[in-house]
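Enquirer:
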Amino acid sequence: MTVKSRHIHINGIVQGVGFRPFIYNLALAHGLTGWVRNSSSGVDIEVTGSNREVEKFIEAIPISAPVLAQVDSLETREIPIIEFDGFNIVASEDQQNDFIPVSPDVAICQQCHEELFDPGDRRFRYPFINCTNCGPRFSIIKEIPYDRPLTTMAEFKMCPDCQTEYENPQDRRFHAQPVACPDCGPQVWFEGQPGVVHSEKETAIQAARRYLADGKILAIKGLGGFHLACDATNPSAVAALRSRKHRQAKPFALMAYDLDTIRNYVRITPAAEHLLLSPQAPIVLLPEKPHTNLAENVAPGQANLGFMLPYTPLHLLLLEPQDGYPKVLVMTSGNLAEEPIIREDEQARSKLSGIADGYLLHNRPIHMRIDDSVYTFIDEKPYPIRRARGYAPNPIRLPLPAPQILAVGPQMKNTFCLTREKYAFLSHHIGEMDNWETYEDFQKAIRHYESLFRIKPEAIAYDLHPDYQSTRYALERAQAERLPAFPVQHHHAHLAAGMIENGLIPDEPAAGLIFDGTGFGSDGTIWGGEVLVGNCEDYTRPYHLKPVPLPGGDIAIQKPARMALSTLWSYGLDWSEDLLPLQALSSEERQALRNQLAKGINAPLTSSMGRLFDAVSALLGVRQTVSYEAQGAIELETLAAGPETGYYPWQIDQQEINLKPMLEMLLADLARNISTPVIAARFHNTIAELALDLAQRIRSEMGIHQIVLSGGVWQNQILLKKTINLFNTHGIKPLLHRQTPPNDGCVAFGQAMIAVYRYQNIKE
Ligand code: ZN
Ligand code: ZN
Ligand code: FE
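Using the working numbering, the letters of the sequence shown correspond one by one to residues 1 to 764.
#1: If the criterion is Cβ atoms closer than 8 Å, does the pair Gln706 and His730 meet it?
#2: Which one of Leu568, Leu259, Gly503 and Ala668 has the shortest CA to CA distance from Cys536?
#3: For Met499, list the residues DSSP reports as bridge partners.
#4: Could you name the residues, in chain order, whose CB is less than 5 Å away from a heavy atom belonging to ligand 1?
#5: Taking 6 Å as the limit between beta carbons, can you name the residues of its chain near Asn658, skipping five residues before and five after?
#6: How many whole angstroms separate the CB atoms of Leu314 and Val188, which I take to be in contact at a CB cut-off of 8 Å?
#7: With a CB to CB cut of under 6 Å and the five nearest residues on each side skipped, what residues in its chain are close to Thr723?
#8: With respect to 7 Å, is the separation between the Cβ of Gly18 and the closest non-hydrogen atom of ligand 2 below this value?
#9: Tell me whether His315 sits in a helix, a strand or coil according to DSSP, three-state version.
#10: Could you pull out every unbroken alpha helix (DSSP H) segment of at least 4 residues lying fully inside the stretch 522–594, listed in chain order?
#11: Measure the alpha-carbon distance for Thr525 versus Ala603 and round it to whole angstroms.
#12: Closer than 7 Å is what we want: which residues have a beta carbon that near any heavy atom of ligand 2? List them in chain order.
#13: Out of Ala445, Leu597, Ala493 and Glu296, point me to the one whose CA is closest to Pro235's CA.
#14: Mind checking His428: buried by the 16 CB within 10 Å criterion, or exposed?
#15: Here's the rule: buried if 16 or more other CB atoms are within 10 angstroms of the residue's CB, otherwise exposed. What is Leu400?
#16: Relative to the C-alpha of Glu202, which candidate in Leu317, Thr132 and Tyr265 has its C-alpha closest?
#17: Please report the straight-line C-alpha distance between Thr269 and Ala91, rounded to a whole angstrom.
#18: Does DSSP classify Arg20 as helix, strand or coil?
#19: Which of helix, strand or coil does DSSP assign to Thr76?
#20: Any idea what DSSP makes of Tyr628, helix, strand or coil?
#21: Give the C-beta separation of Ala615 and Met563 to the nearest angstrom, bearing in mind that I take them to be a contact with Cβ-Cβ under 8 Å.
#22: Quick one: what's got a C-beta closer than 7 Å to Lys56's C-beta in the same chain, skipping five residues either side?
#23: Have a look at the DSSP bridge pairing and note the partners of Ala200.
#24: Assuming the contact rule is C-beta atoms closer than 8 Å, Ser607 and Gly529 should be a hit. Round their C-beta distance to whole Å, please.
#25: Do you know offhand how far Ala407's Cα is from Lys763's?
#26: Going by the beta-carbon positions, is the gap between Thr132 and Ile141 smaller than 8 Å?
#27: Within the present structure, is the beta-carbon of Gly711 separated from the nearest heavy atom of ligand 3 by less than 7 Å?
#28: Does DSSP put Ile698 in a helix, a strand or coil?
#29: For the stretch 322–389, which segments carrying the beta strand (DSSP E) assignment without a break, of at least 3 residues, lie completely within its bounds, in sequence order?
#30: For Val197, verify whether its CB is less than 7 Å away from any heavy atom of ligand 3.
#31: Just to confirm, does Val408 get its C-beta within under 7 Å of one of the non-hydrogen atoms of ligand 3?
#32: Considering Cα atoms alone, identify which of Gly632, Pro182, Pro395 and Pro542 is closest to Pro581.
#33: Express the C-alpha separation of Pro661 and Arg247 in angstroms, rounding to a whole number.
#34: Would the C-beta of Gly519 count as close to ligand 3, meaning under 7 Å from any of its heavy atoms?
#35: Can you say whether Arg77 is buried or exposed, counting buried as having 16 or more other CB atoms within 10 angstroms of its CB?
#36: Specify the secondary structure class of Trp35 as computed by DSSP and reduced to three states.
And the structure:
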């Protein structure tokens, strides 16, 4: 028998996912001796054994690795024969400058779920049960390597029983860093008044359940932050939450105990079922069923409801089925308005005291706040709307190695992105940067990612918009650290993100239909209804919507009525007295608007597709003012679900898309009292047909067959489905966002891809 020794190095998600015990058991099964150890750049293994068994061992690693592991690369080299004493798991070694991906937080696994409700288990009803396959990760990690002293679990000393499990390679809790039990781990308590303990442990959970059953609102400390919760079938509880949170109509996310409960409210396909049950456990937007017992004010004007399953043991205990207790909870972010989700007890007590009737708290600190992720489905495949818990900080794999670059992202729905080697670490959803708390959170999170992944940016990418907080941060930092800084046009970033995540290479020519809300254009106007052709180096803008004034700037976004009248005005169409947007304005407002438009005062031009949807929603009387972003467009989409196939004409003059023919026909339909759902459907059909026309022009003029669909408007599922159908029947391939959201959540990734390309070019 020939004996040999091998050194093996593995890169990927291999820490905190049960990888070392897996290697340990695999080595024993093959009769090998040696060791395995976490290093800050992955996992190192050395083995000695028969030639055949060593080879079989290596082959088995990627094939039978644990569910949560991801093997990105596996390198082996022959080493001089070493005689080991058995097989051992040895202590971690930290090497400066190396890095490994960090696991996202993972929903409770099936085995832990069963133990939670098993009266014979020593963790029976313990709200922090977890194992190597599940539990908190990213939200509790302070530094790498991922070991307990560097997490927020450091303050909990393991009891002898937990220690034994932790040290036994054959145990499911071997080296599960957050391992804990009722004797040694974190505990929950309930406060009726902020700061006054009402009850602890099981009694606290029952008190919280009683409060919810009584229609009260709770602040609940979860995995990545606080939720505000109430009974979703109780309209007055939901109404109280809305008025206290000053959230008029924006839909609330829901949580139900199990799939069967969710099925009572929405239609679930097998693919959706799979996603709901996945370790990521996101909120999934699903088509609402009619006539349920859900309070109508949970998600007014929406065709879809956002549901998630309980992803922590605490959630399972809260929702445990029992007569007289709520089966579905509203679980919305615990925050004020657009501020970041709260993660600290003290902040919750002070900031949420005007909203919550009680607080369910625990003493496991949250190091990094992270929101729930939101997904929907297109073509039976997941389509990201908000990428956060369960996904971040998993990197996006790049086609080529990248230098270390920071891209700071946009102002709204901010994420940032750091690149290194073949990875792009797109951050979790940071949020709306126009408030100070989010901006602070953004800076803290950038430093945290840089430290976790050992990235020291060599260059910075930022949005062309001079007033974005992220732009200011980028310019200040570039100056302080003397780094090259690359401004990136907002919609160019959308295009680049869509290209690269669909596997195109950075200098391949591509085209995109970027239908978006707002982005600063290279000509100083506001863009958003664009056809861009280019690659990661540069772009041209062959077609765009004819720009119309945005009278009053942001006020026009909050008041679609203004947008409707401005659009008609700029196309030379009269404001007839029977127009609903006109009736929505006082006579002073009408006069002010006329003046603003005639003189061009505070009326920047925009080619935004998002604003066109707002304008049409106002013309149809859907929304004259909105209480959350894109409310008019979303409610218009809800109306457009019918079978109507007609559409309106348009015209393309040089580079400008002229919608006057469409608007004239739409006004004529209104005058003839054609029903709103029919007009809404015709409008959606028109935009899908327009998308096809533009794609066909790009194909015949430039020979490009693959078209990226990016921008917030592509969250509109009716529009997207109609467009995909048209593309498919005409041999054009739509490239959809699948790893990053089509909205501004993708912008940082696109900025990074463009900056990587430009930076490498100047270095050469
Ligand atoms: Zn588990
Ligand atoms: Zn214990
Ligand atoms: Fe955008």
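Here a beta-carbon is modelled for each residue, glycine too, at the ideal position from N, C-alpha and C.
Expert: According to the data block:
#1: no
#2: Gly503
#3: Beta-bridge pairing links Met499 to no other residue.
#4: Cys109, Cys112, Cys131, Asn133 and Cys134
#5: Lys546 and Gln651
#6: 7 Å
#7: Ala688 and Ala691
#8: no
#9: helix
#10: 554–558, 560–570 and 580–583
#11: 10 Å
#12: Met158, Cys159, Asp161, Cys162, Ala180, Cys181, Asp183, Cys184 and Gly185
#13: Glu296
#14: buried
#15: exposed
#16: Leu317
#17: 45 Å
#18: helix
#19: strand
#20: coil
#21: 4 Å
#22: His30
#23: Correcting the residue identity first, residue 200 is Glu in this sequence and not Ala. Partner(s): Trp189.
#24: 5 Å
#25: 18 Å
#26: no
#27: yes
#28: helix
#29: 328–333, 358–362, 374–378 and 381–386
#30: no
#31: no
#32: Gly632
#33: 38 Å
#34: yes
#35: exposed
#36: strand
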